[in-house]
Amino acid sequence: GVMPEFGLNKMMPAFEEAAFALKSPGDYSMPIRTNIGWHVLQLIERIPLPEFATLEKEITNKVKRDSRSKLGAIKFLKDLKKEYNFSVNERNYARTVKLVNATAFTEGEWQAVMPSRDREVATFDGQTVTQSRLLDFWEQNQKPGNEKDVEEYLRLLFNVVSNDVVLGYADGKLETKYPAFRNLVREYKEGILLFDLTQDEVWDKASQDSAGIFNHYEEIKSQFMWNDRLAYTYWVCEDVKVAKKISKWVSKEKLDKLNDLLGAENPLSIAVQSGTSQQKDDDVLSVLWNTSPGVYGPVSLTGGFGVIQVIDFMPSGPKALNEVKGLVIASYQDKLEQAWVKNLTAKFEVIVDDSVKKELFNTLD
368 GVMPEFGLNK
378 MMPAFEEAAF
388 ALKSPGDYSM
398 PIRTNIGWHV
408 LQLIERIPLP
418 EFATLEKEIT
428 NKVKRDSRSK
438 LGAIKFLKDL
448 KKEYNFSVNE
458 RNYARTVKLV
468 NATAFTEGEW
478 QAVMPSRDRE
488 VATFDGQTVT
498 QSRLLDFWEQ
508 NQKPGNEKDV
518 EEYLRLLFNV
528 VSNDVVLGYA
538 DGKLETKYPA
548 FRNLVREYKE
558 GILLFDLTQD
568 EVWDKASQDS
578 AGIFNHYEEI
588 KSQFMWNDRL
598 AYTYWVCEDV
608 KVAKKISKWV
618 SKEKLDKLND
628 LLGAENPLSI
638 AVQSGTSQQK
648 DDDVLSVLWN
658 TSPGVYGPVS
668 LTGGFGVIQV
678 IDFMPSGPKA
688 LNEVKGLVIA
698 SYQDKLEQAW
708 VKNLTAKFEV
718 IVDDSVKKEL
728 FNTLD
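So for the sequence shown, the working numbering puts the first residue at 368; every next one is plus one.
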């Protein structure tokens, strides 16, 4: 069935992922499985996001791949070190280098021996990079090479450790330093919390509560109605004589005669269709329509003559649960969510500052 328009966090994650992966109206998804069962989705309409939001991720990835972004990273680290008054104690650094056996280091067999006093090699904003930390990192990153290059390589590794420590420290202070970022992180955490709660209180409950699904279906089944339908088989022939013979043999239930007739005729001159349909769903059926079981025709049609066997007439009525289960579950999810929100509202007092609300809404104009 056709589902109502929906956005993020309204359906089960696997369902949303497949739906939002469809690009163009008319596209079909591969079969996907959720707690409800198997689904194949067709995109009817996509409501696009603003242009920049659509391209932001792609643009960001391109910038990250661009070598110019490295210049930005270098400058950023330089500015951080300046801001935090980063300082290297060259004397203690030299002492640390002397603890490395260059020959063993280039053979990958050097084992760090910690000094009795763990001196500070670098300091910044009350933080330190100690000998032990540096020695551990050197031991973990030995590589074959020329002994003459060891000191240069050790300095490179020291810079890596220093940058990592400074960045880690700066990352821990982002929420304090940047209120906007702090609010973004809080929003992100609250979003994850809301997602988890919604999954527990709505999505999983709706898909697993078979009794609740059935009861909800009984409440809303009038929203999912079939018009009058026929179970039928019809034949459309180019020759009226053939159509009369089909009508005759079907009426007399002479299936062997009917099969012989169909086998003798050009298969392109006779079209046969069986099924259960509403009158509006089939142009031929709309002409041959009859609500009483029996055989009718031939009836003149555009380009031929039609005969119909009405097997059963099914008057207008609600669709079976298995025919609209996905739509019923989506509606049941909405019902559970509304009840959940109502319960929370009753449990926790919500106070709205109308002046702040008005001020906020004015900024959106």
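We put the beta carbon where it would ideally sit given N, CA and C, even for glycine.
Please read all numbers here as calculations on a predicted model, not as lab measurements.
Task: Counted within 10 angstroms of its Cβ, other Cβ atoms place residue 678 as buried (16 or more) or exposed - done: Position 311 of the sequence shown, counted from the start, is the residue given in the question as residue 678. Exposed, since its Cβ has fewer than 16 Cβ neighbours within 10 Å.
Just to confirm the assignment, what range does the beta strand (DSSP E) spanning residue 676 have?
Taking the first residue of the sequence shown as 1, we reach residue 676 at position 309. Here the beta strand (DSSP E) through residue 676 covers 671-681.
Since residue 694 and residue 581 are thought to touch, with beta carbons under 8 Å apart, how far apart are those beta carbons, to the nearest angstrom?
The residue labelled residue 694 in the question sits at position 327 within the sequence shown. The residue labelled residue 581 in the question sits at position 214 within the sequence shown. No, residue 694 and residue 581 are not in contact; Cβ-Cβ is about 14 Å, not under 8 Å.
Which of the three DSSP states is assigned to residue 597 in this structure?
In the sequence shown, the residue the question calls residue 597 occupies position 230. Looking at residue 597 - three-state DSSP - the assignment turns out to be strand.
Using the three-state DSSP reduction, which class does residue 545 fall into: helix, strand or coil?
Translated into the one-based positions of the sequence shown, residue 545 becomes position 178. Of the three classes helix, strand and coil, the one that applies to residue 545 here is coil, per DSSP.
Checklist entry - Which partner residues does residue 668 have in the DSSP bridge list? => result In the sequence shown, the residue the question calls residue 668 occupies position 301. DSSP output for residue 668 lists 671 as bridge partner(s).
Discussion item. Which residue wins for smallest C-alpha separation from residue 587, given the options 705, 691 and 648?
Written reply: Translated into positions along the sequence shown, residue 587 becomes position 220. Nearest to residue 587 by C-alpha distance, out of 705, 691 and 648, is 691.
Item to check | Nearest neighbour of residue 370, chosen from 397, 406 and 594 [CA to CA] | outcome: Counted from its first residue, the sequence shown places residue 370 at position 3. Considering only alpha carbons, the answer is 406.
message: Rounded to the nearest angstrom, what separates residue 708 and residue 448 at their Cα positions?
response: Numbered from 1 along the sequence shown, position 341 holds the residue referred to as residue 708. Numbered from 1 along the sequence shown, position 81 holds the residue referred to as residue 448. Using only the alpha carbons, I get a separation of about 48 Å.
Local Cβ density within 10 Å of residue 545, reported as buried at 16 or more and exposed below that | By 1-based counting over the sequence shown, the position of residue 545 is 178. Exposed is the call here.
Looking only at C-alpha atoms, which of 496, 537 and 509 sits nearest to residue 479? Sequence index remark: in the sequence shown, residue 479 carries index 112 (1-based). It is 509 whose Cα lies nearest to the Cα of residue 479.
For this session: Would you kindly work out how many angstroms separate the C-alpha atoms of residue 488 and residue 461, rounded to a whole number?
Result: Mapped onto the sequence shown, residue 488 falls at position 121. Mapped onto the sequence shown, residue 461 falls at position 94. If you take the alpha carbons of residue 488 and residue 461, they lie about 9 Å apart.
Practice task
State the CB to CB distance for the pair residue 812 and residue 598, rounded to an integer number of angstroms; the pair is presumed to be in contact (CB under 8 Å).
Solution key: Limits of the chain in this structure are 368 at one end and 732 at the other, which puts residue 812 out of reach.
Beta bridge counterpart(s) of residue 722 as assigned by DSSP:
Translated into positions along the sequence shown, residue 722 becomes position 355. Here residue 722 is not bridged, per DSSP, to any residue.
- Query: How is residue 395 classed by DSSP in three states: helix, strand or coil?
  - Reply: Here residue 395 refers to the residue found at position 28 when the sequence shown is read from its first residue. In this structure, residue 395 counts as strand in the three-state DSSP scheme.
Q.
Quick check on residue 584: buried or exposed, where buried means 16 or more other Cβ atoms within 10 Å of its Cβ?
A. Position 217 of the sequence shown holds residue 584. Answer is buried; the Cβ neighbour count reaches 16.
How would you label residue 453, buried or exposed, when you count the other beta carbons within 10 angstroms and need 16 or more for buried? Against the sequence shown, residue 453 aligns to sequence position 86. Counting the other CB atoms within 10 Å of its CB gives residue 453 a total of 16 or more, which places it among the buried residues.
Q. Under the DSSP definition of a beta bridge, which residues are partnered with residue 400?
A. Taking the first residue of the sequence shown as position 1, residue 400 is located at position 33. Looking at the DSSP assignment, residue 400 forms a beta bridge with 405.
| request: Would you mind sorting residue 543 into buried or exposed? The rule is 16 or more other CB atoms within 10 Å of its CB. | output: Position 176 of the sequence shown holds residue 543. With fewer than 16 other Cβ atoms within 10 Å, it is exposed.
Using the three-state DSSP reduction, which class does residue 659 fall into: helix, strand or coil?
If you number the sequence shown from 1, residue 659 lands on position 292. Three-state result, residue 659: coil.
**Prompt:** By Cβ distance, which residues of its chain are closer than 6 Å to residue 638, with the 5 residues on each side in sequence left out?
**Reply:** Counting from one through the sequence shown, the residue named residue 638 turns up at place 271. If we look at residue 638 and ignore the five residues flanking it on each side, its Cβ neighbours are 603.
**Study point:** Inter-residue Cα distance where the pair is residue 640 and residue 674
**Key:** The residue labelled residue 640 in the question sits at position 273 within the sequence shown. The residue labelled residue 674 in the question sits at position 307 within the sequence shown. For residue 640 and residue 674, the distance between alpha carbons rounds to 11 Å.
**Q.** Inside the segment 490-526 only - alpha helix (DSSP H) runs reaching at least 4 residues
**A.** 498-507
For the putative contact between residue 491 and residue 520, defined by C-beta atoms under 8 Å, what is the C-beta separation to the nearest angstrom? What you label residue 491 is simply residue 124 of the sequence shown in a count that begins at 1. What you label residue 520 is simply residue 153 of the sequence shown in a count that begins at 1. Actually they are not in contact, since the Cβ atoms of residue 491 and residue 520 sit about 23 Å apart, beyond 8 Å.
Specify the secondary structure class of residue 645 as computed by DSSP and reduced to three states.
Stepping through the sequence shown from its first residue, residue 645 is reached at position 278. Residue 645 falls in the strand class under three-state DSSP.
Taking C-alpha atoms, which residue in 676, 391, 504 and 699 lies nearest to residue 651? What you label residue 651 is simply residue 284 of the sequence shown in a count that begins at 1. Residue 651 has its Cα closest to that of 676, out of 676, 391, 504 and 699.
Note to self: Out of 710, 398, 458 and 533, which one is the CA nearest neighbour of residue 493?
What the structure shows: Numbered from 1 along the sequence shown, position 126 holds the residue referred to as residue 493. It is 533.
Contact set for residue 682: own chain, Cβ-Cβ below 7 Å, skip 5 residues either direction | Numbered from 1 along the sequence shown, position 315 holds the residue referred to as residue 682. Result list for residue 682: 595, in chain order.
Please name the residue or residues paired with residue 684 in a DSSP beta bridge. On the sequence shown, residue 684 is found 317 positions in, with the first residue counted as 1. Answer is 593, bridged to residue 684.
Problem set entry | Beta-carbon proximity list for residue 568, same chain, < 6 Å, skipping 5 on both sides | The residue labelled residue 568 in the question sits at position 201 within the sequence shown. Taken in chain order, the residues that qualify are 707.
Count the other CB atoms within 10 Å of the CB of residue 671; is the residue buried (16 or more) or exposed (fewer)?
Here residue 671 refers to the residue found at position 304 of the sequence shown. Classification of residue 671: buried, given that the 10 Å Cβ count is 16 or more.
Buried or exposed: which applies to residue 511, given that a residue is buried once 16 or more other Cβ atoms fall within 10 Å of its Cβ? Residue mapping note: residue 511 aligns to position 144 of the sequence shown, counting from 1. If you draw a 10 Å sphere on the C-beta of residue 511, you find fewer than 16 other C-beta atoms in it, and that means exposed.
- Query: Is it true that the CB of residue 392 sits closer than 8 Å to the CB of residue 411?
  - Reply: Here residue 411 refers to the residue found at position 44 when the sequence shown is read from its first residue. Here residue 392 refers to the residue found at position 25 when the sequence shown is read from its first residue. Going by C-beta atoms, residue 411 is nearer than 8 Å to residue 392.
request  = Output the distance between the C-alpha atoms of residue 722 and residue 730, rounded to the nearest integer angstrom.
outcome  = Translated into positions along the sequence shown, residue 722 becomes position 355. Translated into positions along the sequence shown, residue 730 becomes position 363. For residue 722 and residue 730, the distance between alpha carbons rounds to 13 Å.
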